[in-house]
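Residue numbers (this note's numbering): 422 to 533.
Shown next as structure tokens:
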């Protein structure tokens, strides 16, 4: 497959940065990770051939994604319209909703 026509990737000189150079040296520009734990991913059939990076390496779409960082649930933040809404704002919201519903009821009950 000609990646230049299917997926035009601009050539940048990101390798000048030490952080990027380290990743390129490890060959990660030619790796397409899979997140499928059951080995049923079809990505390896679709993505194959030369790497889109144009560096002459083959694309590897068979590697399982590396382990990430543990995910933690953030503490609740009291924000507008969330479960932590303060009592004054909640009363204003409920009063506005009641007024709007009264207008709707007046229109639709008048039609019957």
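Note that the Cβ used here is the ideal one computed from N, Cα and C, for glycine as well.
Keep in mind it's a predicted model, so treat the numbers as computed, not measured.
Beta-carbon separation (whole angstroms), residue 453 vs residue 480, contact threshold 8 Å:
Start at 1 with the first residue of the chain shown, and residue 453 comes out as number 32. Start at 1 with the first residue of the chain shown, and residue 480 comes out as number 59. Right, the Cβ-Cβ distance comes to about 6 Å (below 8 Å), so this counts as a contact.
Between residue 469 and the rest of its own chain, which residues show a CB-CB distance below 7 Å, the 5 nearest in sequence each way excluded?
Against the chain shown, residue 469 aligns to sequence position 48. Hits under 7 Å: 480, 482.
With DSSP collapsed to three states, give me the class of residue 437.
Taking the first residue of the chain shown as position 1, residue 437 is located at position 16. If DSSP states are grouped into helix, strand and coil, residue 437 belongs with the helices.
Spatial neighbours of residue 441 in its chain, beta-carbon cut-off 7 Å, leaving aside the 5 residues before and after
In the chain shown, counting from the first residue as 1, residue 441 sits at position 20. Closer than 7 Å at the Cβ level, and outside the excluded window around residue 441, lie 435.
Measure the alpha-carbon distance for residue 506 versus residue 495 and round it to whole angstroms.
Position 85 of the chain shown, counting from 1, holds the residue named residue 506. Position 74 of the chain shown, counting from 1, holds the residue named residue 495. Using only the alpha carbons, I get a separation of about 17 Å.
Report the three-state DSSP secondary structure of residue 517 (helix, strand or coil).
Along the chain shown, one-based indexing puts residue 517 at 96. Residue 517: helix per DSSP, three-state reduction.
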